[in-house]
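So the structure is just underneath, and the comments pick up after that.
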Amino acid sequence: MPGEAFGAPGQGNSSRIATVTVIAVLLLWFGVTASGMVKPLFLPSPQAVYEKFIMAATTGFGGATLWEHTVASLVRVFGAFGLACLFAIPVGVMMGVNRVARGIFDPLIEFYRPLPPLAYLPLVIIWFGIGEFSKVYLIFLAIFAPMAIAARAGVSSVSLEQIHAAYSMGATRFQVIVHVILRAAIPEILTGMRIGIGVGWTTLVAGEMVAATRGLGYMVLSASEFLASDVVIMGIIVIGFFAFLFDLMMRYLERTLVPWKGKV
């Protein structure tokens, strides 16, 4: 078979290449900073970043330890993510199966989806103040749109043959939605969740600009005011680590729930 002879596009394990890439970037970082080509103000050495990591983890930075900053940010991001899963996925499914729901939600979502969170941040502050809810709500809005659109796309990708086959065997409309449409839409929904959590981490910094006293975004912003680039890079690395860890979890969940994806 041609597919067996030449292979599917992109198939194969890339973990070794990824490992080599990370090692190469680290070596380049070591080399550039050790040679003095770039001033530490603009690119601190890995040793300096590691020392700041130890300092933030033990004595703290910005009035809290690194663990306290991390917990505050995780609660905000995953709290908003949980709310988005609770509301965005059903809304997306309704948009896919019902034209009335699509007519109600689609223009609203498509209107605010391209807007950067900083654009409606002042309005969120006016409506809800500067408390914890406004931060979570801002992240929730950023996550909601891509998750709802992904769920709708998943519903739209279901083949009519599957739906007609289910109806011909006596399935009700509710059973078709739950057992046929939702199962077929799971791959797109999981992709939307991965995209949504990425957008959530991006919005975190904007959310923690508002009267925050703890959080990774707050720590990075505070460090930037004092030109502490080593703390800024350390905070970026921590945020990237947790975002990447969650993405790995989502990939595992995807392989478990939809093992047929990419094979049919």
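Counting with this note's numbering, you get residues 370 to 633 for the letters of the sequence shown.
Don't be surprised by glycine CBs; every beta carbon is placed ideally from N, CA and C.
**Item:** Span separating the alpha-carbon of arginine 445 from that of glycine 451
**Value:** 10 Å
**Message:** Could you tell me which whole alpha helix (DSSP H) segments of length 4 or greater appear in the segment 535–615?
**Reply:** 542–545, 551–576, 585–594
**Message:** Within 8 Å of any Cβ in chain D, is that where the Cβ of arginine 563 sits?
**Reply:** Among the chains in the structure shown there is no chain D, since it carries only a single protein chain.
**Request:** Kindly indicate which three-state DSSP category phenylalanine 430 falls into: helix, strand or coil?
**Result:** Here phenylalanine 430 sits in strand by DSSP.
**Prompt:** Since glycine 465 is in the alpha helix (DSSP H), which residue starts that stretch and which ends it?
**Reply:** 435–466
**Asked** Just how far apart, CA to CA, sit methionine 578 and phenylalanine 611?
**Response** 20 Å
**Prompt:** Starting from leucine 510 and walking both ways along the alpha helix (DSSP H), at which residues does that stretch end?
**Reply:** 501–525
**Coarse secondary structure for proline 409, derived from DSSP in three states** = Assigned with DSSP and collapsed to three states, proline 409 falls in coil, not helix or strand.
**Asked** So, are the CB atoms of leucine 585 and valine 600 less than 8 Å apart?
**Response** The Cβ-Cβ distance between leucine 585 and valine 600 does not fall below 8 Å.
**Item:** Same chain, Cβ closer than 8 Å to isoleucine 532, five either side skipped, listed in chain order
**Value:** Correct list, in chain order: Val545, Val549, Ile550.
**Prompt:** Under the criterion of a Cβ to heavy atom distance below 7 Å, does alanine 426 qualify as lining the ligand GTP?
**Reply:** Among the ligands in the structure shown, none appear at all, so the ligand GTP cannot be discussed.
**Request:** Following the continuous alpha helix (DSSP H) through proline 485, name the residue where it begins and the one where it ends.
**Result:** Careful: proline 485 lies outside any alpha helix (DSSP H) and carries neither H nor E.
**Message:** Between Pro486, Ala592, Met406, which has its C-alpha nearest glycine 576's C-alpha?
**Reply:** Pro486
**Prompt:** In three-state DSSP terms, what is proline 415?
**Reply:** helix
**Asked** Leaving out five residues before and five after proline 476 in sequence, what residues of the same chain have Cβ atoms less than 7 Å from its Cβ?
**Response** none
**Asked** Taking the Cβ atom as the reference point for each residue, do isoleucine 558 and alanine 520 lie within a distance shorter than 8 Å?
**Response** yes
**Prompt:** What residue range is occupied by the uninterrupted alpha helix (DSSP H) comprising serine 383?
**Reply:** Premise fails: serine 383 is in no alpha helix (DSSP H) and is neither H nor E.
**Request:** Mark serine 591 as exposed unless 16 or more other C-beta atoms lie within 10 angstroms of its C-beta, in which case mark it buried.
**Result:** Buried, because 16 or more other Cβ atoms sit within 10 Å of the Cβ of serine 591.
**Asked** Comparing alpha-carbon positions, which option in Arg624, Thr572, Leu622, Ser593 lies nearest leucine 443?
**Response** Thr572
**Request:** Please classify serine 528: does DSSP put it in a helix, a strand, or coil?
**Result:** coil
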